[in-house]
Ligand SMILES: [Zn+2]
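Residue numbers (this note's numbering): 3 to 507.
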């Protein structure tokens, strides 16, 4: 008997399959466009032409109309994507300043931890099953010292890799392309990421003016000016702007925010800021085109699951903030999510899903067992044309401060958001205080009319409180099994990335 025939018999006996019928192992590519709110894209209702590539991709994909990130910041959101654990469980936080930098309450120790090495990440699961793994990303908060490299044979966040593209450097996917070409004959898991939509919004021509041609005010403040203002230096001259007035405004705002000195009372300035963000979104759409083009080669396209998503949205004063600080309203959490699976019919899915659900979903689609202990739920049914259960609900959270309770680090100040297909329930616990908010998203999609004190909503409120209490209990149990591990030193490139993104002065 030949070895080949022998293996076919063993395979058939052991696994109920034959060699010829074994499904090909699909490649998986996850593309993260950082800081991209869903409604900035045509596929989610934007009227400006910001996203021709995404929209064309979406027409051939399964699109999730109600996908929510589990955190409004880069590191906790991506770590949830990679671990299918909630942010208060994996405890990986952004590196930053002020409120953006969670601390352990005793001794003001910064939360600067790496993922517990025994947590099995999405990349580790695919690598252990025989997939080649690589990440080409924009660095910054996605750094190896926090454990984002776990499971990746190649983990490339170097400034010269072409992916960051946030501080004026051109986007270039060539290095990622070289990796794809070198591994096209093997199953691979590839993570691609760019910071293009992230502040500061300084899109290149023609996108700096394309979405607000008539504006004649002082924005955009160029990158060199922003840096000098934040460093307290005189800086270069700024034609058309009263630089001293801007510096005075800047002095009254949280310094890590790029746009703290834009006058929130001046709707025209805010409108232009949003137009510049649209320019960045358009540039990220071009970057998406170049990333998708890497997968066009014969033998790759028809064997590749492609996921396009963002890690969180961006605020334009809908709830009083710019950028994406620790708030959990929809503009900061409603993210694009579109998935193209070979042979799957395009569809739109209304049921709420979370990025936390992607890990088990990708395992199921690739035919891998779903690891024990994941907190997300697979939505693979939706990619096979089956309806998702209507009671799906998603939770998001922001930890503002941590406390050490006898060796287990727990969230001290915590905001949770619980979303059903109808309601948003927000509960903020800070010190001894508890603040609740309840929004009817069917009537109030912008989440502005708080109904928590409305007696007629008491039953809804009680039901949501009970769900959050059960969720908190489940998170506490899971958290108790995961150690806190100190992070290593940040390398110089990572510190530079963080400075350009506004997290380090
Ligand atoms: Zn981000």
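For glycine and all other residues, C-beta sits at the position ideal for the given N, C-alpha and C. A quick note: this is a predicted structure, and the numbers were derived from the prediction, not measured.
Q.
Taking the straight line between their C-alpha atoms, what separation do you get for residue 109 and residue 159?
A. The sequence position of residue 109 within the chain shown is 107, counting from 1. The sequence position of residue 159 within the chain shown is 157, counting from 1. Note that residue 109 scores 38 on pLDDT, short of 50, meaning its location in the model is unreliable; the coordinates nonetheless yield the value given after this. Rounded to the nearest whole angstrom, the CA to CA distance from residue 109 to residue 159 is 32 angstroms.
Q: Pick helix, strand or coil for residue 191, following the three-state DSSP scheme.
A: As a working mapping, residue 191 is identified with position 189 in the chain shown. In the structure shown, residue 191 sits in a strand (DSSP, three-state: E or B).
Q) Taking the continuous beta strand (DSSP E) assigned at residue 432, which residues delimit it? A) Translated into positions along the chain shown, residue 432 becomes position 430. Boundaries of the beta strand (DSSP E) harbouring residue 432: 425-432, taken from the DSSP string.
Q: Kindly list the residues whose CB is nearer than 6 angstroms to the CB of residue 411, restricted to its own chain and excluding five residues on each side of it in sequence; keep chain order.
A: The sequence position of residue 411 within the chain shown is 409, counting from 1. Closer than 6 angstroms at Cβ, skipping near neighbours: 404 and 486.
Q) With DSSP run on the structure shown, which of helix, strand or coil describes residue 255? A) Within the chain shown, residue 255 is the residue found at index 253, counting from 1. Unreliable placement is indicated for residue 255, whose pLDDT of 48 sits below 50; the coordinate value is still reported in the next sentence. Under the three-state reduction of DSSP, residue 255 is assigned to coil, being neither helix nor strand.
Q: For the beta strand (DSSP E) holding residue 413, just list the boundary residues, first then last.
A: To locate residue 413, count along the chain shown from 1; it is residue 411. From DSSP, the beta strand (DSSP E) with residue 413 extends over 410-421.
Q. Does the Cβ of residue 104 have 16 or more other Cβ atoms within 10 Å, making it buried, or fewer, making it exposed?
A. As a working mapping, residue 104 is identified with position 102 in the chain shown. With a pLDDT of only 43 at residue 104, under the threshold of 50, the placement of this residue in the model should not be trusted, and no figure is reported.
Q | Neighbourhood of residue 196 by C-beta, 7 angstroms cutoff - its chain only, sequence neighbours within 5 removed | A | Stepping through the chain shown from its first residue, residue 196 is reached at position 194. Excluding residues within five positions, the ones whose Cβ falls inside 7 angstroms are 35, 36, 140, 165, 166, 167, 173, 286 and 289.
Q.
Runs of 3 residues minimum, wholly inside the stretch 12-94: which ones carry the beta strand (DSSP E) assignment?
A. Fully enclosed beta strand (DSSP E) runs of 3 or longer: 29-35 and 64-66.
Q.
Please list the terminal residues of the continuous alpha helix (DSSP H) segment that includes residue 302.
A. Taking the chain shown and counting its residues from 1, one reaches residue 302 at position 300. In the DSSP annotation of this structure, residue 302 is not part of any alpha helix (DSSP H), being labelled neither H nor E.
**Q.** Nearest-angstrom beta carbon gap, residue 341 and residue 274 [assumed within contact, 8 angstroms]
**A.** Position 272 of the chain shown, counted from the start, is the residue given in the question as residue 274. Position 339 of the chain shown, counted from the start, is the residue given in the question as residue 341. With a Cβ gap of about 34 angstroms, residue 274 and residue 341 do not count as contacting.
Q: For residue 51, count neighbouring C-beta atoms within 10 Å of its own C-beta (all shown protein chains included) and say buried if the count is 16 or more, exposed if not.
A: Position 49 of the chain shown, counted from the first residue, corresponds to residue 51. By the 10 Å Cβ count, residue 51 comes out exposed.
Q) Is the beta carbon of residue 372 sitting closer than 9 angstroms to the one on residue 87? A) Within the chain shown, residue 372 is the residue found at index 370, counting from 1. Within the chain shown, residue 87 is the residue found at index 85, counting from 1. No, the pair does not count as a contact, with Cβ atoms beyond the cut-off.
Q: Quick one: using the 10 Å Cβ neighbour count with 16 as the cut-off for buried, is residue 447 buried or exposed?
A: Working through the chain shown from its first residue, we reach residue 447 at position 445. Around the beta carbon of residue 447, fewer than 16 other beta carbons lie within 10 angstroms, which makes this residue exposed.
Q. Assuming residue 370 and residue 131 make a contact with CB atoms under 8 angstroms, what is their CB distance in whole Å?
A. As a first step, residue 370 must be located in the chain shown, where it is residue number 368. As a first step, residue 131 must be located in the chain shown, where it is residue number 129. Taking C-beta atoms under 8 angstroms as the contact rule, residue 370 and residue 131 qualify, at a distance of about 5 angstroms.
Q. Say the cut is 8 angstroms; is the CB of residue 57 nearer than that to a heavy atom of ligand 1?
A. Residue 57 sits at position 55 when you count from the first residue of the chain shown. Placement of the Cβ of residue 57 at a distance of 8 angstroms or more from every heavy atom of ligand 1 is found.
Q) Would residue 145 be called buried (16 or more neighbouring beta carbons within 10 Å of its own) or exposed? A) Position 143 of the chain shown, counted from the start, is the residue given in the question as residue 145. By the neighbour-count rule (16 or more Cβ atoms within 10 Å), residue 145 is buried.
Q) Tell me which same chain residues have a C-beta within less than 6 angstroms of the C-beta of residue 427, skipping the five on either side of it? A) Within the chain shown, residue 427 is the residue found at index 425, counting from 1. Cβ neighbours of residue 427 beyond the five flanking positions: 420, 440 and 466.
Q: Would you please state the rounded distance, in angstroms, between the beta carbons of residue 326 and residue 315? I believe it to be under 8 angstroms.
A: Walking along the chain shown from the start, residue 326 turns up at place 324. Walking along the chain shown from the start, residue 315 turns up at place 313. Taking a contact as a CB-CB distance under 8 angstroms, the pair residue 326 and residue 315 counts as one, their CB atoms being some 7 angstroms apart.
Q.
Using only the alpha-carbon positions, how far apart do residue 211 and residue 271 sit?
A. Against the chain shown, residue 211 aligns to sequence position 209. Against the chain shown, residue 271 aligns to sequence position 269. Whole-angstrom Cα-Cα distance: 14 angstroms.
Q | Touching by the beta-carbon criterion (3+ pairs, under 8 angstroms), the stretch 337-355 and the stretch 43-57 | A | As far as the Cβ criterion goes, the stretch 337-355 touches the stretch 43-57, which means the pair count is three or higher.
Q: Could you please go through the chain and list the residues whose beta-carbon is closer than 6 angstroms to any non-hydrogen atom of ligand 1?
A: Qualifying residues, in the order they occur: 36, 37, 76, 313 and 314.
Q | Assumed close pair residue 38, residue 189 - CB separation to whole angstroms, cut-off 8 angstroms | A | Stepping through the chain shown from its first residue, residue 38 is reached at position 36. Stepping through the chain shown from its first residue, residue 189 is reached at position 187. Actually they do not touch by this definition, with Cβ atoms about 28 angstroms apart.
Q.
What does the Cβ neighbour count give for residue 437, buried or exposed, with the cut at 16 atoms within 10 Å?
A. Here residue 437 refers to the residue found at position 435 when the chain shown is read from its first residue. Taking all protein chains shown into account, residue 437 has fewer than 16 neighbouring C-beta atoms within 10 Å of its C-beta and is therefore exposed.
Q) For the alpha helix (DSSP H) that residue 460 lies in, which residues bound it at each end? A) For the purposes of this step, residue 460 is taken as the residue at position 458 of the chain shown. Looking at the DSSP string, the run of the alpha helix (DSSP H) that includes residue 460 is 460-481.
(Q) Could you compute how far the alpha carbon of residue 400 sits from the alpha carbon of residue 431? (A) For this step, residue 400 is matched to residue 398 along the chain shown. For this step, residue 431 is matched to residue 429 along the chain shown. If you draw a straight line from the Cα of residue 400 to the Cα of residue 431, it comes to about 10 angstroms.
Q | Endpoints, beta strand (DSSP E) assigned at residue 398 | A | Here residue 398 refers to the residue found at position 396 when the chain shown is read from its first residue. Per DSSP, residue 398 belongs to the beta strand (DSSP E) from 396-407.
Q) So what's residue 278 in DSSP terms, helix, strand or just coil? A) Taking the chain shown and counting its residues from 1, one reaches residue 278 at position 276. Helix at residue 278.
(Q) Using C-beta distances below 7 angstroms, list every residue in its chain close to residue 396, excluding the 5 sequence neighbours before and after it, in chain order. (A) The count along the chain shown starts at 1 and reaches residue 396 at position 394. Excluding positions up to five away in sequence, the list reads 70, 354, 355, 356 and 421.
Q: Spell out a yes or no on whether the stretch 374-391 and the stretch 356-366 are touching, meaning 3 or more CB-CB pairs, one atom from each, closer than 8 angstroms.
A: Inter-segment contact for the stretch 374-391 and the stretch 356-366 is present: three or more beta-carbon pairs are separated by less than 8 angstroms.
Q.
Considering only their Cβ atoms, is the gap separating residue 31 from residue 278 smaller than 9 angstroms?
A. Here the question's residue 278 lines up with position 276 in the chain shown. Here the question's residue 31 lines up with position 29 in the chain shown. No. Outside cutoff.
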